[in-house]
Structure formats: C-alpha cells, structure tokens
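Structure first, commentary second.
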Amino acid sequence: SSVQLIGRVQNTAPLSIVSGNTNSQYYPQRTTDTVSVISTVNDLFDFNPIEPPLLNLFPQFYSLESNPLIARLSTEFKIGQLPNANYLPAGGESVLNPAGSGGSPTPSSTLIITSVSGDPNILNNTIPLNDYLVSGIGIPSETYVQSNTAVGGGGALPGEMNIVLKDSGGLAVVVNLAANTKISLTPTEGNASVPNFKLTRPGIQYLAVCETQPVESAIDIFWETSTSGLISDLNQAVLNNQSQPAGSNISWNPNFNEG
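For the sequence shown, my numbering begins at 117 and goes up steadily by one.
This is the structure we're talking about:
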C-alpha cells in the first residue's frame, strides 16, 4: 500500500465490442493516485462466495473464483467504470405461494419474490429478466426466467415481483419454496449463445493500465551479452559490410567509442 500510481489507460463499457473500443487513454490529474488498501476480495468486502449478496456485482472482478488481490485507490478523478456497467444482475427473497384448498402453499411455476435488488429499470419493468438464471435453495439447476412482472400498489409487498420459471427447453418449472429464501437472478445470453444460456460476461473486464511513480535508484545495472569484442572492430565491420566505398553513403559519424 501507499504506492503512488499514475493512470494511463482505462477500460470502457461498450455496448458492442469493436476492435479498439474496450479501453481509452486516461488523462491523469496533477497529483498521483494513492493505493490506500490492498487485500483479497473476501477480506476487503467481507465477501462470501457461498452466500453472495442479493445484488451480486462481484463477478465484475476478473478471476473472482481465485479470491484475487484488490487495490483501493484514493484518487482525484474517476478512472474505470461503475460496477453495474453492462451487467445487471438482480436478487430478492421468496414469498410463500398462495394457499390451496388444503390451506398449504401450492406448488407453482410462478415464483413470487420481494425486496428485489437491482437496476431501477428492472424494478419498473423497463428491462425484462428473460432468460436470467434463477438460483437458490430449492430451485432446480438450469432454471431460467420465462417472464417477469413487477407488482406495485394494493396489497403488494415492497419490491414485489412475479417470475414465471422455465427450464432450458422452455418447459415450466414448478417450485414451492420456504419464505425468505434468497433468490439470485444472473443474466445469460439465452439461446443466442453456444452452449445455450451461457452466463453473460461481466461488462468491464478490459485492460486498464497504471504506472508507478518514478523513483531514483542507486542500483548500477550492467548488461551482459553473448558477444564480445571492441567497438572499433564493430565500426570497421559496419563500414565495410557494403558494396560502396566505406563511408560514402553515410551522412552521420559512424565511429563509436568504447565508452
């Protein structure tokens, strides 16, 4: 920590990837940025990969599974992108299904969740969750969103949403979950990818570059090569390794010294 950094290249958040548009030149301020903290993802953010937050934006970190080291910068001017750039996961908690004739909740292909965390455009139905991966205790693997509807007003709970479930073949998936089961909604590429329903790549994993503040070193560096000899011998070799008279076509002084 306490290393001084100077930003040179920052990652961008392009909607479509074209060669050269995934990063741009960064213009630093007059003062350098300071690395105030360096720690692993798990320690720095108290992140538990077994029980991630409802709104899980952590996959934006490259190689998250390896618990990488993350540096926190104290900077005068923003560098990089916001964590929700081109990546809009969501999450919530389940509500008991309506009771059937026997008084117990009835299994249903419509999952009711509340306390939904996500982009405001998801909560107001502007951005649909179609083909999102649905995961949580009691939900079969490879369960996806067929459609979703945000519910508001009346007797609706805060942030309530109805989600119709399907499997990878488009068939309905029926569930009957306990109340307050944490539900994660992760974007996929749907049928447009190979294989189908491949998880969407997080949107900001592109090259960014910072250089360290230069320091004056007291270390003498000597370079060794596999060749040996005198510069004077090299001068003669350069001058005579051509068909024209030595030096006739050279406008600069080719004679180097031993220093």
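Glycine is no exception: its CB is placed at the ideal position from the N, C-alpha and C atoms.
Answer with buried or exposed for Ser-300, where buried requires no fewer than 16 other C-beta atoms within 10 angstroms of its C-beta. buried
In chain order, what residues of the same chain have a beta carbon less than 6 Å from the beta carbon of Thr-222, not counting five sequence neighbours either side? Asn-213, Gly-216
Coil, strand or helix - Asn-307 by DSSP: helix
Going by DSSP, which residues form a beta bridge with Val-280? Thr-226, Ser-263
Please list the segments of the beta strand (DSSP E) lying wholly inside the segment 137-187, counting only runs of 3 or more residues, in order along the chain. 139-141, 149-156
Stretch-stretch touch, CB-based, cutoff 8 Å, three pairs: the segment 239-259 with the segment 168-188: no
Could you please give the first and the last residue of the uninterrupted alpha helix (DSSP H) stretch that includes Ile-122? Note, Ile-122: premise wrong, no alpha helix (DSSP H); beta strand (DSSP E) at 120-127.
Can you give, in chain order, each stretch of the beta strand (DSSP E) that sits fully within the segment 309-333 and has at least 3 residues? 325-328
Span separating the alpha-carbon of Val-354 from that of Ser-179: 51 Å
Extent of the continuous beta strand (DSSP E) to which Leu-249 belongs: 249-251
Are Ile-229 and Asn-237 touching if we call contact CB-CB under 9 Å? no
Is it true that the segment 195-202 meets the segment 312-328, where meeting means three or more beta-carbon pairs spaced less than 8 Å apart? yes
What three-state label does DSSP hand Ile-299 in the structure shown? strand
From Ser-182, Ile-195, Gly-208, Met-277, pick the residue whose C-alpha is nearest to that of Leu-121; which is it? Ile-195
Would Leu-249 pass as a contact of Leu-315 if the rule is Cβ separation under 9 Å? yes
Can you name the start and end residues of the beta strand (DSSP E) that Ser-210 belongs to? 206-210
Counting pairs of beta carbons, one from the segment 139-147 and one from the segment 334-350, are three or more of them closer than 8 Å? no
Val-291 - partner residues in DSSP beta bridges: Ser-224
DSSP state of Leu-355, grouped into three classes? helix
Alpha carbon to alpha carbon, how far is Val-153 from Gly-285? Give it in angstroms, no decimals. 47 Å
Suppose the cutoff is 7 Å on Cβ atoms and the five residues either side in sequence are ignored; what does the same chain contact list for Thr-191 look like? Asp-149
How is Leu-189 classed by DSSP in three states: helix, strand or coil? strand
Given Ala-324 as reference, the closest of Glu-209, Gln-197, Glu-340, Ser-220 once Cα atoms are compared: Gln-197
Unbroken alpha helix (DSSP H) run spanning Ile-337, endpoints: No alpha helix (DSSP H) contains Ile-337, which DSSP labels as neither H nor E.
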